[in-house]
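S.K.: Residue numbers (our numbering): 935 to 1170. Built from N, CA and C at the ideal position, the CB exists for glycine as well.
(1) Please report the distance separating the alpha-carbon of residue 1013 from that of residue 1071.
(2) Please determine if the region 1115–1124 and the region 1069–1087 are in contact, where contact requires at least 3 C-beta pairs separated by less than 8 Å.
(3) Looking at residue 1110 and residue 1038, is the spacing between their C-beta atoms short of 8 Å?
(4) From residue 1135 to residue 1129, what does the alpha carbon distance come to, in whole angstroms?
(5) For residue 1088, count neighbouring C-beta atoms within 10 Å of its own C-beta (all shown protein chains included) and say buried if the count is 16 or more, exposed if not.
(6) What residue does the alpha helix (DSSP H) around residue 987 start on, and which one ends it?
(7) Does residue 1058 come within less than 8 Å of chain D when only Cβ atoms are used?
(8) Considering residue 1118, what are the terminal residues of the alpha helix (DSSP H) in which it resides?
(9) For residue 935, name the three-state secondary structure that DSSP assigns.
(10) Do you know how far the Cα of residue 1147 is from the Cα of residue 976?
(11) Short of 7 Å in beta carbon distance, which residues of its chain neighbour residue 945, apart from the five on each side in sequence? Order them along the chain.
(12) Hey, how far is the Cα of residue 949 from the Cα of residue 1064?
(13) Using three-state DSSP, classify residue 1017 as helix, strand or coil.
(14) Would you kindly work out how many angstroms separate the C-alpha atoms of residue 1093 and residue 1003, rounded to a whole number?
(15) Do the region 967–983 and the region 1038–1056 make contact, defined as three or more Cβ pairs closer than 8 Å?
(16) My assumption, with CB atoms under 8 Å, is that residue 1102 sits in contact with residue 1149. Please give the rounded CB distance.
(17) Along the alpha helix (DSSP H) that carries residue 896, what are the first and last residues, could you check?
(18) For residue 1086, which three-state DSSP category applies?
(19) Between which two residues does the alpha helix (DSSP H) holding residue 980 run?
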């Protein structure tokens, strides 16, 4: 990225925040994607008791204040929490670690991912899947050979939106993992920290610009891919 002049434009602390944000967002998106696809498919195709409850739980992070979500994560995955204490015994710790930032970012981005994938699945004519099933294909094979190729652009859109959301997550992250330089200080946390010290406005502004560029790039890319989904569905 030297040819862009960014190494001269961003300071070491700013670079660390950008690099950590990319790391956190990447893993938050990658780890949550399989579960997001499964959840979206279940909500789009299956009928089961508690479906509306699952739908509500999936979208709850969009409704709750992010600080509340972060506090729930701290109570649950903290070293004294019911889940965190068990994981800590085997060396897995989320609280006040970058892995916890990834967990918080993934949960906050999960609803956007699931919604994009679910809409893509619902746009597929179920008769295409039924036709494959009547030929003797198992449900798993129908999903892999029919549903997945058709819904792939929607999966990409959901992943991009989740990545962008994870890059901008602040409230749940700072509540759950604090604001530790080099460990949990992502771009939003760094902006907040820079604004608390005299002379930090310049660094904060540069990170704001980076955030805007990443967010706008993700939205434009998801829009282009979204049109491809619509064209594919409309062309059948």
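M.R.: So, from the listed chains and residues:
(1) 46 Å
(2) no
(3) yes
(4) 6 Å
(5) buried
(6) 985–997
(7) Protein chain content of the structure displayed is limited to a single chain, and chain D is not contained in it.
(8) Note, residue 1118: premise wrong, no alpha helix (DSSP H); not H, not E.
(9) With a pLDDT of 40 at residue 935, under the threshold of 50, the predicted position of this residue should be treated as unreliable, though the coordinate-derived value follows. Three-state DSSP puts residue 935 in coil, outside helix and strand.
(10) 34 Å
(11) 1137
(12) 51 Å
(13) coil
(14) 21 Å
(15) yes
(16) 7 Å
(17) As displayed, the chain neither begins before 935 nor continues past 1170, which places residue 896 out of reach and without an answer.
(18) helix
(19) Segment: none, residue 980 is in no alpha helix (DSSP H) and carries neither H nor E.
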